[in-house]
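In the numbering used here, the protein residues as written are 10 to 542.
We treat Cβ as the ideally placed atom computed from N, Cα and C, and that holds for glycine.
Note that the structure is predicted; figures quoted are calculated from it, not measured.
Printed below as a string of structure tokens:
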């Protein structure tokens, strides 16, 4: 699938912004399923509580609430794992760094209201990191850089335990001393600015907050603004800011509904649909935020505009929240005047949906190099064709691949080969449209429109090109059988890497069937996959 290619940073000349967004989105892809499931549990509980079928004071509610909220509370652990994996480091070390932020020895300092805490004489700013995003994303990113440096200087025989020890020893204190407080200070500054804006103009504040809220959420900075809601509620029983920012999640719901109606990609439609129910009923928009908003840049503009307009309306007419609640369909009665609130938030929802239906969710600048190649090289609309094997070896099913992007066919359908020879040849006549800087993966678009990704081994991106030689460049035309890459299989296996190599069709949705032609042993250039339209 073309967008998964982009999320995986397959385009090496992409901008810094694209790389950052790709890393963030890629770190959420593996946990989108559990986010969807947990969000639906929260939505179900919200419905049951509203209709009076379950008491929020009951043990049943507490247990189900724990099931629904666990993924969100322990976000730093899950994101530590996925972000580290995304950046080519050890996911379990990333998870351990996230877990340290929630470990009772640290959280006990906060709950015990400890004073004058220091680390090696350096003052520590205590903060609660449950459900946060920004600190662990920063920590995992710095850890990945450190891990890469350690692999160059630590003997391989010692790396298994020395690298994790040094990484945890360095990154956890840095996170508590720098990354976490940085987010706290940014948030406090943000709160001050918002309060000043709110004192000057409700319309202006509504436009700014409604437009920016989705992006503050991505960075985890929205938690710094929530105390403003609570302070206003405690002081006056009403809070105008929560009504302004409510337009943003409703804009996301509208965007998600627009994508659901617009796309013909079954997996994308399923993703959008799975995010709508928890967003609408429970106000948990993580699936839409990280599955769609971060993934497609045009949706950012649409959600920003729609949220700003709805927020401006709520700010202009003086809507307020009378209790703290996540914005959703079920929490509408919390805001007053309710009728005017509905006008503001549903303006955002309908506007975002209409803009997606009219303009789409993916702009020209978002197109991958594969799509650019279709224009530049004049590739035809997809046709039925046969893909030959780029490798000699043993055919294995994709479900045997460790990476869920392939085993769950998130990238596309295809087959995998456990190679016995290091030569990788072109399986088609076409153009090399993607060559990863680490040379561990190559994408080719055939003259008949098939977009083929050959992904060498599992986590071989960590080798940074070692033991892999490329004989072609991006945008180079190749013929069937041309040598693309040579891999030193023995050294890669000796380094501890799985060499099973997926060969997948990333534009799977354009084909009626992608059928393996044979099983067992195969020789390079023999027919491997048959594609029908």
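Continuous beta strand (DSSP E) stretch holding residue i: start and end
i           : result
residue 455 : 450-455
residue 513 : 510-514
residue 395 : 394-397
Residue span of the alpha helix (DSSP H) that contains residue i, given as start and end
i           : result
residue 462 : First-last for residue 462: 460-464, but that is the beta strand (DSSP E), not the alpha helix (DSSP H).
residue 533 : First-last for residue 533: undefined, no H or E at that position.
residue 346 : No alpha helix (DSSP H) holds residue 346; DSSP gives it neither H nor E.
residue 173 : 165-183
residue 258 : 256-271
residue 284 : 275-291
Where residue i falls: helix, strand or coil (DSSP)
i           : result
residue 98  : coil
residue 376 : Residue confidence is low: residue 376 scores 37 on pLDDT, short of 50, so the model does not pin down where it sits. No coordinate-derived value is stated.
residue 54  : helix
residue 502 : helix
residue 383 : Confidence is the limiting factor: at residue 383 the pLDDT is only 46, short of 50, which leaves the residue's position unreliable and the question unanswerable from this model.
residue 418 : coil
residue 477 : strand
residue 65  : coil
residue 388 : Low confidence applies here, because residue 388 scores a pLDDT of 44, under 50, leaving its location unreliable and the question unanswered by this model.
residue 517 : helix
residue 402 : strand
residue 494 : strand
residue 487 : strand
residue 541 : strand
residue 527 : coil
residue 91  : helix
residue 248 : strand
residue 363 : helix
CB of residue i within 8 Å of CB of residue j, strictly
i           : j           : result
residue 248 : residue 347 : no
residue 292 : residue 256 : no
residue 263 : residue 301 : no
residue 426 : residue 453 : no
residue 428 : residue 400 : yes
residue 43  : residue 80  : yes
residue 365 : residue 282 : no
residue 260 : residue 337 : no
residue 6   : residue 139 : No information on residue 6 is available, as it lies outside the stretch 10 to 542 that the chain covers here.
residue 407 : residue 396 : no
residue 353 : residue 314 : no
residue 459 : residue 537 : no
residue 149 : residue 89  : yes
residue 68  : residue 51  : no
residue 316 : residue 251 : no
residue 517 : residue 392 : no
residue 341 : residue 351 : yes
residue 410 : residue 361 : no
residue 308 : residue 370 : yes
Unbroken stretches of the beta strand (DSSP E), 3 residues or longer, contained in the segment 420-451: 422-428, 432-434, 439-444
contact_flag[the segment 117-136, the segment 209-225] where n(CB pairs < 8 Å) is 3 or more: no
Secondary structure, alpha helix (DSSP H): runs of 4+ residues fully inside the segment 95-162: 100-109, 113-120, 143-162
Contact the segment 486-494 vs the segment 419-439: 3+ CB pairs below 8 Å: yes
At least 3 beta-carbon pairs within less than 8 Å: the segment 176-187 vs the segment 518-525: no
Segments assigned beta strand (DSSP E), at least 3 residues, entirely inside the segment 311-335: none
Cβ contact check for the segment 463-476 and the segment 506-513: 3 or more pairs under 8 Å: When Cβ pairs closer than 8 Å are counted between the two stretches, the segment 463-476 is seen to touch the segment 506-513, the count reaching three or more.
Three or more C-beta pairs below 8 Å linking the segment 100-114 and the segment 136-153: The segment 100-114, when compared against the segment 136-153, does touch it at the 8 Å Cβ threshold.
Cβ pair count under 8 Å reaching 3, the segment 497-508 against the segment 468-475: yes
Cβ contact check for the segment 59-66 and the segment 107-117: 3 or more pairs under 8 Å: At 8 Å Cβ cutoff, the stretches do not touch.
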